[in-house]
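Engineer: Once you've had a glance at the structure underneath, I'll fire off some questions.
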Amino acid sequence: MLLDPNQKKSHIQRHWGDELLQQALKHAETIYAARYKKLYPDGIVMTRIKRTASATSAAGRVKRLIDCELSDDEDNLSETGISDDVDPVKPWLHDFHGYLDSVDDLGHCSIVQWWGLNAGRYPVWASLARDYLAVMASSVSSERAFSSAGITISKRRNRLKADIVEALQFLKCAIRRDLLFCESPSLLTE
């Protein structure tokens with residue numbers, strides 16, 4: 000949810016509550032810090048977060064005001080600007096909160112396209128987005144097919160070749176769906 004520029008923390012806060020939001024942010028910060036240290040081992044950041052026209056435009060300000068008005072929290076009414084203070088012990092915190100506190104709009108882009116366009120603004124977040132958004136959801140039918148093949152290839156039948164396993168899977172499917180024609184004995188065979 001944090002990688003969706005339209006929702007960020009709002010979905011978690013609205014549906015899970017503040018306590019779970021804090022746990023999620025703490026876990027996300029741990030993941031972010033590890034990636035930051037991997038990308039910048041010396042702690043030197045080559046790219047700084049820059050506010051774009053969408054964040055400072057009238058539409059961005061209106062969206063921020065609407066979000067504050069619709070929010071149940073009174074703490075969110077303060078302006079969420081990006082400070083120039085960087086903690087020398089935790090230099091990633093500035094960039095971590097810089098993305099989470101900014102107002103971004105997807106427009107007509109998908110989330111993946113948005114991260115492709117904004118990778119320069121948020122390089123560490125974009126690196127995480129490449130890892131997490133690339134994971135495809137598994138479908139039940141493909142899991143069932145692999146599970147069925149796993150039953151066919153057991154410890155006793157581990158030397159079966161691919162064509163034999165394919166034929167066995169085909170036969171198993173045909174038998175289960177009653178696709179094989181069983182002919183009754185005819186007068187000629189009796």
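Per numbering that gives the first Met the number 0, the sequence shown starts with residue 0, numbered consecutively. The beta-carbon is built from N, C-alpha and C at its ideal position, and this holds for glycine as well.
(1) Whole angstroms is fine: what's the gap from L1's alpha carbon to Y35's?
(2) Hey, could you find the ends of the alpha helix (DSSP H) P122 is sitting in?
(3) Got a sec? Which residues, its chain only, sit under 6 angstroms from W114 by beta carbon, not counting five neighbours each side?
(4) I believe V123 touches L38 by the beta-carbon criterion, under 8 angstroms. Please report the beta-carbon distance rounded to the nearest angstrom.
(5) Are the region 12-27 and the region 149-156 touching by the rule of at least three beta carbon pairs closer than 8 angstroms?
(6) What number of angstroms, rounded off, separates the C-alpha of W15 from the C-alpha of Y121?
(7) Using alpha carbons as the reference points, say which of D41, R176, L178 and L99 lies closest to V88.
(8) Exposed or buried, I11, counting other C-beta atoms within 10 Å across all chains shown (16 or more means buried)?
(9) Just to confirm my understanding: we take Y131, look at its own chain, exclude 5 residues before and 5 after, and list those with CB closer than 7 angstroms. What are they?
(10) Going straight from the alpha carbon of R156 to that of G106, what length do you get?
(11) Output needed for L159: all residues of its chain with C-beta closer than 7 angstroms, excluding positions within five of it in sequence on either side, in chain order.
(12) Please report the distance separating the alpha-carbon of K49 from that of S101.
(13) Excluding five sequence neighbours on each side, which residues of the same chain lie with their C-beta closer than 6 angstroms to the C-beta of N5?
(14) Rounded to a whole number of angstroms, what is the C-alpha to C-alpha distance between I174 and Q168?
(15) Comparing C-alpha positions only, which one of D94, S9 and K8 sits nearest to A191?
(16) Compute the distance between the beta-carbons of L99 and K7, then report whether it is under 8 angstroms.
Structural biologist: By the coordinates alone:
(1) The sequence position of residue 1 within the sequence shown is 2, counting from 1. The sequence position of residue 35 within the sequence shown is 36, counting from 1. Between L1 and Y35, the C-alpha separation is close to 17 angstroms.
(2) The residue labelled residue 122 in the question sits at position 123 within the sequence shown. Element bounds for P122: P122 to Y131.
(3) As a working note, residue 114 is residue 115 in the sequence shown. Once the five neighbours on either side are set aside, the close Cβ partners of W114 are A125 and A128.
(4) As a position in the sequence shown, residue 123 is number 124, starting the count at 1. As a position in the sequence shown, residue 38 is number 39, starting the count at 1. Rounded, the Cβ-Cβ distance is 6 angstroms, consistent with contact.
(5) no
(6) Position 16 of the sequence shown, counting from 1, holds the residue named residue 15. Position 122 of the sequence shown, counting from 1, holds the residue named residue 121. Looking at the backbone, the Cα of W15 and that of Y121 are separated by about 26 angstroms.
(7) In the sequence shown, residue 88 corresponds to position 89, counting from 1. Per the Cα distances, D41.
(8) Here residue 11 is taken as the residue at index 12 of the sequence shown, counted from 1. The residue in question, I11, is buried, as its Cβ has 16 or more Cβ neighbours within 10 Å.
(9) Within the sequence shown, numbered from 1, the residue matching residue 131 stands at position 132. So the qualifying residues of the chain are L2.
(10) The residue labelled residue 156 in the question sits at position 157 within the sequence shown. The residue labelled residue 106 in the question sits at position 107 within the sequence shown. Roughly 54 angstroms separates the two Cα atoms.
(11) The residue labelled residue 159 in the question sits at position 160 within the sequence shown. Non-local C-beta neighbours of L159 in its own chain, meaning closer than 7 angstroms and more than five positions away in sequence, comprise I152, ordered along the chain.
(12) The residue given as residue 49 occupies position 50 in the sequence shown. The residue given as residue 101 occupies position 102 in the sequence shown. Reliability fails at K49, whose pLDDT of 40 lies under 50, so the model's placement of it is uncertain and no value is given.
(13) As a working note, residue 5 is residue 6 in the sequence shown. So the list reads L105, once near-sequence residues are dropped.
(14) For the purposes of this step, residue 174 is taken as residue 175 along the sequence shown, with counting starting at 1. For the purposes of this step, residue 168 is taken as residue 169 along the sequence shown, with counting starting at 1. Roughly 10 angstroms separates the two Cα atoms.
(15) Look at the range of the chain in this structure, 0 to 189, and you will see that residue 191 is not part of it.
(16) The residue given as residue 99 occupies position 100 in the sequence shown. The residue given as residue 7 occupies position 8 in the sequence shown. Taking 8 angstroms as the Cβ cut-off, L99 and K7 qualify as a contacting pair.
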